[in-house]
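Here is the structure we will look at, set down as structure tokens.
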Amino acid sequence: MTTINFNKIEKKWQDRWETSKIFEVKENKKQKYYVLEMFPYPSGSGLHMGHALNYTIGDIFARFKRMNNFNVLYPMGYDSLGLPAENAAIKEKQHPKKFTNNSINKFIKQQKSLGLSYDWSRMLKTSDPEYYKWNQYFFLKFLEKGLIYRKKAPVNWCKKCDTVLANEQVHNGKCWRHENQEVELKQLEQWFIKTTKYADELLERVDELEWPERIKTMQKNWIGKSHGTEILFDVNGEKWPIFTTRPDTIYGVTFLVIATQHERLTELVTKEQLPKVKAFLKKAKSTSQKDLDALEKEGAFTGSYATNPITNEKIPIYTGNFVVADYGSGMIMAVPAHDQRDFEFAKKYSIPIKIVINPEDYDLNPEAITRAFTGDGRLTNSEEFNNLKNREAIEEITKQLIKKKLGKKTTQYKLKDWLVSRQRYWGTPIPIIYCDDCNIQPVPEKDLPIKLPEKITFGKGNPLTTNKSFLETKCPKCKKPAKRETDTMDTFFDSSWYYLRYTDNKNSTKPFQESKVKYWLPVDQYIGGAEHACMHLIYARFFTKALRDLGFLSFDEPFTKLFNQGMLHGEDGFVMSKSRGNVILPEEVSKKHGIDTARLFLVSVASPDKDIHWSEKGIEGSTRFMKKLHEFYLSSKPTKSSRRLESKLNKTIKLITEDITNFKYNLAVIKLRELLDIFIEEPSSKKDLESFLKLLTPFCPHITEELWEKIGNKPFISLQSWPTYDESKIDEALEKQEQTINKTLSDISNILKIMKEKQNTEPKNIYLYVMPNELKIYNEPTLSKRINKPTKVFAVNDKNKYDPENKSKKAKPGKPGIYLE
RNA sequence: GCGGUCUUGGUGAAAUUGGUAGACACGUUAGAUUCAAAAUCUAAUGUCCUAAAAAGACUUACAGGUUCAAGUCCUGUAGACCGUACCA
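For the first sequence, our numbering assigns the number 39 to the initial residue and increments by one for each residue that follows.
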């Protein structure tokens, strides 16, 4: 038994790949293929097996496409701006830049040791001013185009930190650093991008994407287009629009509810009600929807009233924590009889419940109902609309509202405009200057990038607000002293266009050269987790469309195909993560088993779109395979391939090609295992031995390079062409026969076992009775050898057969009668 | 609350359009090899009935339904997970 020095082999080939630059690409005449994994946030703890799985999935695909003669762009970069670096700065007193660069270097080293075939010359980091300069540039372009505006929006505020907290930094309504400090909500003027301008296109084009259906459904629901009616309610002499999909229930409206986070809530709160409302608002724990839903459905009376435009009834306005501020107008008309949440709210605050729709077969009793009736029926208590079917009433009532100029038909989206302002240091500075005289001024393009100052103090507020050298500047218009914007951009801005920058990552005069983007884009295969279904993937799609309309691009969708990999779980069954403490490090696995073994194991456990469970025992199976492979190739002597091997090989090439194309790597590995066993049993030609290595090389690139060289070839197998198959060599009948014979042999051994155990007899001769047309597939010497007993085979219609117990009657097609004596 | 996903042997899992459930691997057991062990090889291995299944019954979280046929489609129940807009 030879031991394989995996690590030596790995190092050897990783070095050779790097020095020969074989994975670096340029635009050429070949057909391009762009494979991209969602770039990582370089966390301080480095990458674990879960990341390794993600990149292995992409690397296999990139290697496969490369061997199929595509010009493959396969780059890697780092989403290196963001909260964790800043948290580390606060907690560990380390500068975010240093923290980030250390993390990136660690990531690169680890990724290289996984044997990933990236074009490293295209690497990018979003924390590099040469990158975020273009964030600022695009921000200004969007501003010019009218895609950006300012509006008040709530933030989580910690008094002790004197700063805004991310939802993640709020734990049970308390600050992450100050356990006793209740988080407050504060309204701040912030920057928004009009993503809703593209809502329709984002929705419509979902259908043309080759993405998993569930992701497409999630996106559609996230955009959430719905048709309805906007009704104007009179509040203190002003018309407030209210969006509803149920104008048929207008006669049943007994109160209005405004969102607790509504910009104009305070205008509605009367002096008398102020203390009550304030007390209620304090219960809000953070701006996150999750936290909001965890709260009991509650509200408070604002003290104001509105007038129902149809009935002219005076109805109270409440504020409630179940109303979403950014949807519709942030205020709803409540119909307790026909909406369950309104019903519960009305019960809680003793608000009247008025029935305006009855089911077809009986009348509801307002005193007796225990829940809202949300089904269809006929109108009641609705004056001239009584007895109308409610579906028709939606149309009729809307018509009348339009006639009276009290409402209109509208479309609403759940999709909100994108709040890009962040009150943090480690992000792209928003290129805006505030001047007392000239107001809000964009930074001139020639002054970009606005770099983050290096000398800063952490711990109290946003470091940018206290940094004079950053803050103080001159107004670009009147040249008087002015102040810079201290908000930075949401990092989703960075990740919305990075896939474009890879095509031209060193360009210092433009974000990218149009011709390069035209050659490489769109991304043919994007790979990443389903957690990005709604946010990153919508922002990136939006960005593409916005840049298209600004004349930078000439395509509509950034990611033609999308693959969602599953998550890696540790041996304890939980998702692998540092905080769980169940991480497996690639370095350690590599030392023990070799990285090829780990790659093979990771993709063979289960279908890559499902969650994968790591198993220290399970990887042994892959190790055995690698040893078997290595040993076989070192001792193999090429001759001429047998028919059986040729059939199996050609069929396997065909099937594995399909499997890899469909990301069914687990099935491909199974076929490779079966194929190797045939190679071990049967004679094979040099060409076929080479084909096997080619099929395996996307999965195990190092050992296959090594064996490719050992059997007398020049490097690199990574640059070889994918094997083709010859349909005429695939012999399905041969495989069927093999199955039949195996089944028969297993039956015989079973009978032998029983006879030995129970009767204590050991038959000497075996007789098989088979269908006459199947006679040719049973080879007597082979059978005798495999059973280790003399075996005779008869056709059931053979008059001279030896069959004392008439077992030939038992024979069926594919299943012979068996007699032993 | 809204939206999405999952549940198959002792374990990880397969099952392309609804068509032989459990491929492949781990583990376990037995045998071979060995002074012995490890490694390797060979065989068996869903559950139950049975002396024995080559020839019985049952079996894909649970309860129903559609169908000649359901792990797969539909309805409901239970449990687990993901996203929910300042984590990326």
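Cβ coordinates follow ideal geometry from the N, Cα and C atoms, glycine included.
| Item | Value |
| --- | --- |
| Minimum length 4: unbroken alpha helix (DSSP H) runs contained in the segment 412-498 | 428-441 |
| Cβ-based neighbour list, G262, same chain, cut-off 7 Å, excluding 5 preceding and 5 following | Y451, K452 and L453 |
| Own chain residues within Cβ distance below 6 Å of F102, not counting five before or after | I698 and P736 |
| Sequence-distant residues of its chain with Cβ nearer than 8 Å to L858 (five each side left out) | I786, I789, L790, M793, P801, N803, I804 and Y805 |
| Cα-Cα separation between E182 and T695, rounded to whole angstroms | 49 Å |
| The segment 478-487 touching the segment 526-538, judged by at least three CB pairs closer than 8 Å | no |
| Segment contact flag, the segment 659-672 with the segment 740-750, C-beta cutoff 8 Å, min 3 pairs | yes |
| Bounding residues of the beta strand (DSSP E) (the contiguous stretch that carries S342) | G337 to T345 |
| Close Cβ partners of R429 (< 7 Å) along its chain, the five nearest in sequence each way excluded | D414 |
| Close-in-space but distant-in-sequence residues of the same chain around W229 (CB under 7 Å, 5 per side omitted) | I186, R188, V458, S459, I468 and D525 |
| Residue burial classification, L312 (beta-carbon count within 10 angstroms, cutoff 16) | exposed |
| Residue from S58, T504, T255 and G275 with nearest C-alpha to E860 | There is no way to answer for residue 860, as the model of the chain reaches only from 39 to 859. |
| Straight-line Cα distance separating Q149 from F225 | The displayed chain sequence assigns Gln, not Phe, to residue 225. Roughly 43 Å between the two C-alpha positions. |
| Cα-Cα separation between Y387 and R539, rounded to whole angstroms | 56 Å |
| Close-in-space but distant-in-sequence residues of the same chain around R54 (CB under 7 Å, 5 per side omitted) | P753 |
| Cβ neighbours of T164 in the same chain (closer than 6 Å, five flanking residues each side left out) | D117, S118, L119 and D532 |
| Coil, strand or helix - K724 by DSSP | helix |
| Distance, A363 Cα to K554 Cα | 43 Å |
| Per-residue burial, H216 [other beta carbons within 10 Å of its own, 16 or more giving buried] | exposed |
| 9 Å Cβ cutoff met for I494 and S367 | no |
| Proximity of V221 and A297 at Cβ, strictly below 9 Å | no |
| Spatially closest choice to K521 from M527, D528 and C513, by CA coordinates | C513 |
| Beta-carbon contacts of M39 that lie in its chain and below 7 Å, excluding the five residues immediately before and after | In this prediction, M39 scores a pLDDT of 40, lower than 50, which makes its location untrustworthy; no coordinate-derived value is stated. |
| Where R682 sits in the DSSP three-state scheme | helix |
| Beta-carbon proximity list for L426, same chain, < 7 Å, skipping 5 on both sides | R416, L417 and E434 |
| Buried versus exposed call for D921 [16 or more other C-beta atoms within 10 Å across all chains shown] | The question about residue 921 has no answer, for the chain in this structure spans 39 to 859. |
| Sufficient close CB pairs (3 or more, under 8 Å) joining the segment 291-305 to the segment 345-358 | yes |
| Buried versus exposed call for I718 [16 or more other C-beta atoms within 10 Å across all chains shown] | exposed |
| Segment limits, beta strand (DSSP E) that includes V641 | No beta strand (DSSP E) holds V641; the alpha helix (DSSP H) holding it covers I633 to S642. |
| Simplified DSSP assignment, three categories, for K163 | strand |
| M39, DSSP secondary structure in three states | Since pLDDT at M39 reaches only 40, below the 50 mark, its modelled position is unreliable, and no value is offered. |
| Cβ pair count under 8 Å reaching 3, the segment 194-210 against the segment 165-182 | no |
| Distance CB(A584)-CB(F180) smaller than 9 Å | yes |
| Cβ contact (3+ pairs, closer than 8 Å) linking the segment 74-93 and the segment 635-643 | yes |
| Cβ neighbours of K498 in the same chain (closer than 8 Å, five flanking residues each side left out) | C199, D200, T201 and T504 |
| Beta-carbon proximity of W456 to L121, cut-off 9 Å | no |
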